[in-house]
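Undergrad: In the numbering used here, the protein residues as written are 51 to 216. Note that beta-carbon positions come from the ideal geometry of N, C-alpha and C, so glycine has one too.
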Amino acid sequence: MAAAVRIFLTIERALTRAILWAACLAMTVAVVAGAFQVITRFLLERPATWTEALVRTALIWMALLGLVAAIRSGALVSIDLCHRLVKGPWKRLIETVHLVCTVGLMGITAWYGWTMAERVRFQTLAGLEISIAWGYAAIPIGSALAIVAAIGQYLDRRNEELDQAV
């Protein structure tokens, strides 16, 4: 059992690191496209039609991929006060309830995100001429990866957020 947990955590850490880099890349794309839009609109007076859709899609991906890193670092839905006040088996019970709630919410979000992405797959994103489903796909993908991160946080509790709290 310990070996399986160790393997899971190794894979989860690498996955979370890659996801954080992808979220940073999405933010970079949003910033560069937004800056390009400002330059073309106000300096060249010929606005690019595709930048707004790209910025919006990149920000959606950034937020939902960033959710994974936030959950893994213990920075989301923080239960700091309970963690500080409760000791022993009660502490693990709170962590278990937190995990169940997080997995439940992310599971529901992934399910409905998938159905939404399926529903709009034939519509195109104005300006980019790609399926809107590419934007909506961030919801089920980010949510499913957040479940993996929540399990990783439960198995290897490193509450970085709690360490930085005042």
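1) In angstroms with no decimal places, state the Cα-to-Cα distance between ALA83 and TRP164.
2) Buried or exposed: which applies to GLU62, given that a residue is buried once 16 or more other Cβ atoms fall within 10 Å of its Cβ?
3) Extract the residue ranges of the alpha helix (DSSP H) inside the region 128-158, only unbroken runs of 4 or more that lie entirely within it.
4) Between LEU175 and ALA103, is the Cβ-Cβ spacing less than 8 Å?
5) Does the pairing of the region 180-199 with the region 151-159 give three or more beta-carbon distances under 8 Å?
6) Where does LEU70 fall in DSSP's three states?
7) Report back the beta-carbon spacing between ARG171 and SER181 to the nearest angstrom; my notes put them in contact at under 8 Å.
8) In this structure, how does DSSP classify VAL216 when only helix, strand and coil are distinguished?
9) Can you tell me which residues form a DSSP beta bridge with ILE191?
TA: In short, the structure shows the following:
1) As a first step, residue 83 is located in the sequence shown; it is residue number 33 there, counting from the start. As a first step, residue 164 is located in the sequence shown; it is residue number 114 there, counting from the start. Looking at the two C-alpha atoms, the distance is approximately 27 Å.
2) Residue numbering aside, residue 62 sits at position 12 when the sequence shown is read from its first letter. Looking at its Cβ environment, which holds 16 or more other Cβ atoms inside 10 Å, GLU62 is buried.
3) 130-135
4) For the purposes of this step, residue 175 is taken as residue 125 along the sequence shown, with counting starting at 1. For the purposes of this step, residue 103 is taken as residue 53 along the sequence shown, with counting starting at 1. Yes.
5) yes
6) Indexing the sequence shown from 1 puts residue 70 at position 20. In the structure shown, LEU70 sits in a helix (DSSP, three-state: H, G or I).
7) The count along the sequence shown starts at 1 and reaches residue 171 at position 121. The count along the sequence shown starts at 1 and reaches residue 181 at position 131. Indeed they touch by this definition, with Cβ atoms about 5 Å apart.
8) Here residue 216 refers to the residue found at position 166 of the sequence shown. Note on VAL216: pLDDT 47, under 50, position unreliable in the model; the coordinate value appears next. Three-state result, VAL216: coil.
9) In the sequence shown, residue 191 corresponds to position 141, counting from 1. Paired residues: none, contrary to the question.
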